[in-house]
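Number of protein chains: 2
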Amino acid sequence: MTTTAVFPVPASAPADSAIEPRIVPEGSVGFVSPEFLHFSEPLTLSSGQVLPSYTLAVETYGQLNAARSNAVLVCHALNASHHVAGMDAERPDQIGWWDNMVGPGKAVDTDRFFVIGVNNLGSCFGSTGPTSINPATGQPWGASFPLLTVEDWVHAQARVADHFGIGRFAAVMGGSLGGMQALSWAITCPDRVGDCIVVASTARLSAQNIAFNEVARRAILTDPDFRGGDYHAHGTVPANGLSVARMVGHITYQSDEVMASKFGRTQRAPGPTGDYRYNYDIEFEVESYLRHQGEKFSRYFDANTYLLLTRALDYFDPARAHGGDLSKALAAAQARFLLVSFSTDWRFAPEHSREIVRALLKNQREVTYAEIDAPHGHDAFLLGDRRYHAVVQGYYDGIAARLGLGARRRVTGVLA
Amino acid sequence: MTTTAVFPVPASAPADSAIEPRIVPEGSVGFVSPEFLHFSEPLTLSSGQVLPSYTLAVETYGQLNAARSNAVLVCHALNASHHVAGMDAERPDQIGWWDNMVGPGKAVDTDRFFVIGVNNLGSCFGSTGPTSINPATGQPWGASFPLLTVEDWVHAQARVADHFGIGRFAAVMGGSLGGMQALSWAITCPDRVGDCIVVASTARLSAQNIAFNEVARRAILTDPDFRGGDYHAHGTVPANGLSVARMVGHITYQSDEVMASKFGRTQRAPGPTGDYRYNYDIEFEVESYLRHQGEKFSRYFDANTYLLLTRALDYFDPARAHGGDLSKALAAAQARFLLVSFSTDWRFAPEHSREIVRALLKNQREVTYAEIDAPHGHDAFLLGDRRYHAVVQGYYDGIAARLGLGARRRVTGVLA
Numbered sequence: 016m017t018t019t020a021v022f023p024v025p026a027s028a029p030a031d032s033a034i035e036p037r038i039v040p041e042g043s044v045g046f047v048s049p050e051f052l053h054f055s056e057p058l059t060l061s062s063g064q065v066l067p068s069y070t071l072a073v074e075t076y077g078q079l080n081a082a083r084s085n086a087v088l089v090c091h092a093l094n095a096s097h098h099v100a101g102m103d104a105e106r107p108d109q110i111g112w113w114d115n116m117v118g119p120g121k122a123v124d125t126d127r128f129f130v131i132g133v134n135n136l137g138s139c140f141g142s143t144g145p146t147s148i149n150p151a152t153g154q155p156w157g158a159s160f161p162l163l164t165v166e167d168w169v170h171a172q173a174r175v176a177d178h179f180g181i182g183r184f185a186a187v188m189g190g191s192l193g194g195m196q197a198l199s200w201a202i203t204c205p206d207r208v209g210d211c212i213v214v215a216s217t218a219r220l221s222a223q224n225i226a227f228n229e230v231a232r233r234a235i236l237t238d239p240d241f242r243g244g245d246y247h248a249h250g251t252v253p254a255n256g257l258s259v260a261r262m263v264g265h266i267t268y269q270s271d272e273v274m275a276s277k278f279g280r281t282q283r284a285p286g287p288t289g290d291y292r293y294n295y296d297i298e299f300e301v302e303s304y305l306r307h308q309g310e311k312f313s314r315y316f317d318a319n320t321y322l323l324l325t326r327a328l329d330y331f332d333p334a335r336a337h338g339g340d341l342s343k344a345l346a347a348a349q350a351r352f353l354l355v356s357f358s359t360d361w362r363f364a365p366e367h368s369r370e371i372v373r374a375l376l377k378n379q380r381e382v383t384y385a386e387i388d389a390p391h392g393h394d395a396f397l398l399g400d401r402r403y404h405a406v407v408q409g410y411y412d413g414i415a416a417r418l419g420l421g422a423r424r425r426v427t428g429v430l431a
Numbered sequence: 016m017t018t019t020a021v022f023p024v025p026a027s028a029p030a031d032s033a034i035e036p037r038i039v040p041e042g043s044v045g046f047v048s049p050e051f052l053h054f055s056e057p058l059t060l061s062s063g064q065v066l067p068s069y070t071l072a073v074e075t076y077g078q079l080n081a082a083r084s085n086a087v088l089v090c091h092a093l094n095a096s097h098h099v100a101g102m103d104a105e106r107p108d109q110i111g112w113w114d115n116m117v118g119p120g121k122a123v124d125t126d127r128f129f130v131i132g133v134n135n136l137g138s139c140f141g142s143t144g145p146t147s148i149n150p151a152t153g154q155p156w157g158a159s160f161p162l163l164t165v166e167d168w169v170h171a172q173a174r175v176a177d178h179f180g181i182g183r184f185a186a187v188m189g190g191s192l193g194g195m196q197a198l199s200w201a202i203t204c205p206d207r208v209g210d211c212i213v214v215a216s217t218a219r220l221s222a223q224n225i226a227f228n229e230v231a232r233r234a235i236l237t238d239p240d241f242r243g244g245d246y247h248a249h250g251t252v253p254a255n256g257l258s259v260a261r262m263v264g265h266i267t268y269q270s271d272e273v274m275a276s277k278f279g280r281t282q283r284a285p286g287p288t289g290d291y292r293y294n295y296d297i298e299f300e301v302e303s304y305l306r307h308q309g310e311k312f313s314r315y316f317d318a319n320t321y322l323l324l325t326r327a328l329d330y331f332d333p334a335r336a337h338g339g340d341l342s343k344a345l346a347a348a349q350a351r352f353l354l355v356s357f358s359t360d361w362r363f364a365p366e367h368s369r370e371i372v373r374a375l376l377k378n379q380r381e382v383t384y385a386e387i388d389a390p391h392g393h394d395a396f397l398l399g400d401r402r403y404h405a406v407v408q409g410y411y412d413g414i415a416a417r418l419g420l421g422a423r424r425r426v427t428g429v430l431a
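Respectively, the protein sequence lines represent chains A and B.
Just add 15 to the spot in the first sequence (first one is 1) and you have my numbering.
Just add 15 to the spot in the second sequence (first one is 1) and you have my numbering.
Structure representation (structure tokens):
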């Protein structure tokens, strides 16, 4: 297996003191460790390039039933990983990114479902990507790692399903870029998806979305420490560029309202009479927050991976092969669908979800759509809004009933 | 006089071939040249620093009447200048930034009003700023130029009024950062402002607004070519940082809708079968547009000036000295007010203007408020929307009537 040992967060991150080591909170899947699945069959990519082999980092929660009918694939967004739920066995302070959603008795109930988290191909948390060694050269791939598309991820993940002997997922689910993967699964492998759950996502980026990605890329590409993408060979890291890229991202993940309520115009360290400092150091709390987020990100995320992920976002456009007609692109889909959007999400505003809903209805697909009036912007998909989780929980209860997976054995989460 | 010869746009900018040199279009003020007014009395700034002397670049259009009652001060936004209207006599392709608004027979009718454009103190188009020579050292001020506030600009501009013998402006007017200056004029010099016209502006930046400014500043400050602000001494220009800063700005100036209609997902140079290029070069038209805007800006705009202007935006908050109560801050104002906002402006959304309107009404001020349903986002304040210009034109006709300036002598613009 060709893997790199990279953790989803920096080694210097402080432990969460609220979590006592080795004590499992109610509703948690407990301590988890990734597996690294190696696939030696070449993968032909959308670009035409061929990846000779690859490794994917995977975590699973719950038990696959005998019929192999209860599997759920959770796809991740830009900077997340396979570590969806529970506490990393090696670093118990590292809680999965969708831990509030996935666990025993939670919306995605691991007492009944077998849940798989996969680090995307091309990412930097254990799956093969730009930081991995290119077997042909013995050096890190770096800038020479091939660009990937959402469809490439689906094909790579399909082999994970094969590995577990899963012919058809009970559900494929994701938020944001993860939602694109779920949607692409329903189009690309229609007979392998029972239900498709697409949260805070889109069927194609708008010009404004692409524009923000381009700003992020320019910040990275023009950082002298990027060195054409071969920064590893030069012993540098384009930390300034990555930091600016992340700051831009963070603004788009939050609503104007939530930034106003979290930070407002609060000053960080005003003079004795509340005076401004009259310099370009941190004046306002929001500046402190953004710089902190940017710097933290630049210490643990790989720049080539960030470029690759933003380009995959830009390129996703299943309607493109159908003259821009999304309903034609979705004609092949056989899944039932749950779409969720958030009122203050201006990155992928509700209209993006509504467009998908309309295209599905045109194909007479069974669609449930929830537009949640939440203040948190795009980030809402990661948060524990009660109505949002109740919708997802109710939807999964329906899936469980249809598949005869039985009733909930315990109640946590929004029902608790 | 201490001035620098810098033009508002790069010398390499192509001439607008639609404008024949020396032919004055209808409604244009014609060929104009700046004056450079030197003020040798020290100016004490909000920061407590003292600027020993300064020069302001100024253009004027129309004639000051004998009563000196018909003067209008036009304040500019981030990257504009004193060149508000007409064609620069030296570079006739350089049209003033608000030429569609100011001219004979236009909304701000130079047949009746004497209009003054002033390049802000600290800017880089002829007024004293970071690119000017510090008389104490004989070197450019660079990073040592003092930070300025909107109030400092008002005080500096008041001396321009004194220079022309104008005790009271018929109107002070501006959009965006220029609108802040108009508002500050009404608070700071209440007896010198007859009417105050505030377009697409705000009484204080939101956390999100500050966040975008901070991203722009980080891009500049962390560019190695910035060299602590002393790039001139090192013969460098932080072009990459300035370019990224400008790209971020451009996204916030436009609505999602207008970017969708201007650029959509149009590809720049797709392969023979419409294929993606699978690299980080320009793939989409919107990327080309942004890079072009960024690169152009980095060739003509000064980085220290950009930092200074964004900080002045952040700091503007007249309510701050009144416990956050904007109505108290506006209690001193005596002017009548016109506020204009645009429905798709998400940089300074209509709610920012409505807050000012409410605070003025609480003070029983006379307020006209127009919320224009225009698709262009923040940039709408610079464009020629017919309803917008009709509102401004009607308002100025009212000012002219009250001041006995007579009726329009010719009709152009929205009435034409």
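Just so you know, even glycine gets a beta-carbon here, dropped at the ideal spot from N, CA and C.
*asked:* I'd like the ranges of any alpha helix (DSSP H) spanning at least 4 consecutive residues and lying wholly in the stretch 156 to 199 of chain B.
replied: 165 to 178
- Query: Which chain B residues sit within Cβ distance under 7 Å of A/N255?
  - Reply: Residues of chain B with a Cβ closer than 7 Å to the Cβ of A/N255 are, in chain order, T237.
### Task
Ignore the nearest five residues each way along the sequence and tell me which others in A/P57's own chain have a CB closer than 6 Å to its CB.
V65 and P67
With 16 as the cutoff for other CB atoms within 10 Å, does B/Q109 come out buried or exposed? buried
Residues of chain B with a CB under 9 Å from the CB of A/Q5: which are they? Since the first and last residues shown for chain A are 16 and 431, residue 5 of chain A lies out of range.
Practice item. List in chain order: all unbroken alpha helix (DSSP H) runs of 4+ residues lying wholly within the stretch 282 to 357 of chain A. Key: 300 to 315, 318 to 330 and 341 to 344
Beta-carbon within less than 6 Å of A/N224's beta-carbon, same chain only, minus the 5 sequence neighbours each way: which residues are those? For A/N224, where only same-chain residues beyond five positions count, there are no Cβ hits under 6 Å.
- Beta-carbon separation (whole angstroms), A/G157 vs A/G244, contact threshold 8 Å: Sure, about 5 Å apart at Cβ, within 8 Å.
Margin query: Taking the alpha helix (DSSP H) that A/L375 belongs to, which residues open and close that run?
Written below: P365 to K377
Work out the CA separation of B/T146 and B/N134 for me, nearest whole Å.
14 Å
Check your understanding: Is the stretch 251 to 260 of chain A touching the stretch 401 to 418 of chain A in the sense that three or more CB pairs, one from each, lie closer than 8 Å?
Key -> Output reads no: the stretch 251 to 260 of chain A does not touch the stretch 401 to 418 of chain A.
- Task: For A/S55, count neighbouring Cβ atoms within 10 angstroms of its own Cβ and tell me buried if that reaches 16, exposed if not.
- Result: exposed
**OP:** Could you confirm whether any beta carbon from chain A is found closer than 7 Å to the beta carbon of B/A231?
**Re:** no
What number of angstroms, rounded off, separates the C-alpha of A/E50 from the C-alpha of A/D329?
-> 30 Å
Three-way DSSP call (helix, strand, coil) for A/E272 in this model:
helix
Q. Contact between the stretch 115 to 130 of chain A and the stretch 155 to 170 of chain A: three or more CB pairs below 8 Å?
A. no
**Q.** Extent of the continuous alpha helix (DSSP H) run through A/L60
**A.** No alpha helix (DSSP H) contains A/L60, which DSSP labels as neither H nor E.
Practice item. Check whether the Cβ of A/G392 lies closer than 7 Å to any Cβ atom in chain B. Key: At a cut-off of 7 Å between beta carbons, A/G392 makes no contact with chain B.
TODO: Please decide whether A/G279 counts as near chain B, where near means a Cβ-Cβ distance under 7 Å.
DONE: Cβ-Cβ to chain B under 7 Å: yes for A/G279.
Exercise. B/G421 by DSSP, collapsed to three states: which one?
Worked result: coil
_Start-to-end residues for the beta strand (DSSP E) that takes in B/A72_ = Y69 to Y76
* Of the listed residues A/S221, A/Y268, A/L376 and A/L93, nearest to A/A395 (C-alpha basis) -> A/Y268
Beta-carbon neighbours of A/R219, restricted to chain B and to distances below 9 Å:
R280
Please identify the residue among B/G190, B/S191, B/Q172 and B/G189 whose C-alpha is closest to the C-alpha of B/A182.
The displayed chain sequence assigns Gly, not Ala, to residue 182 of chain B. Nearest C-alpha to B/G182: B/Q172.
| request: Say whether chain B places a C-beta atom closer than 7 Å to the C-beta of A/V9. | output: Because chain A in this structure spans residues 16 to 431, residue 9 of chain A falls outside the shown range and cannot be described.
Inset, instruction - Would you give the residue range spanned by the alpha helix (DSSP H) that B/A248 belongs to? - result: Y246 to H249
- Query: Which residues of chain B have a Cβ atom closer than 8 Å to the Cβ of A/V87, listed in chain order?
  - Reply: Ordered by position in chain B, no residue passes the 8 Å Cβ test against A/V87, which lies about 31 Å from the chain.
>> What would DSSP say about B/Q109, mapped onto helix, strand or coil?
In response: coil
Worksheet entry | Among B/L420, B/D340 and B/T281, nearest to A/A226 - alpha-carbon criterion | B/T281
Residues in its own chain within less than 7 Å of A/T125 by CB, not counting five upstream and five downstream?
V44, Y76, G77, V117, G118 and P119
CB contact below 7 Å: B/E105 versus chain A | no
Quick one: residues in its chain with C-beta nearer than 7 Å to the C-beta of A/L322, no 5 flanking neighbours on either side, listed in chain order?
Taken in chain order, the residues that qualify are R232 and I235.
| Quick one, which of B/K377, B/E381 and B/P365 has its alpha-carbon nearest B/A389's? | Nearest C-alpha to B/A389: B/P365.
### Query
Residues in the stretch 203 to 227 of chain A with C-beta within 9 Å of chain B's C-beta atoms, listed in sequence order?
Hits within the stretch, in order: R219, L220, S221, A222, Q223, N224, I225, A226 and F227.
Under the three-state reduction of DSSP, which class applies to B/I266: helix, strand or coil?
helix
CA-to-CA distance, A/Q349 to A/M195, given in whole angstroms
16 Å
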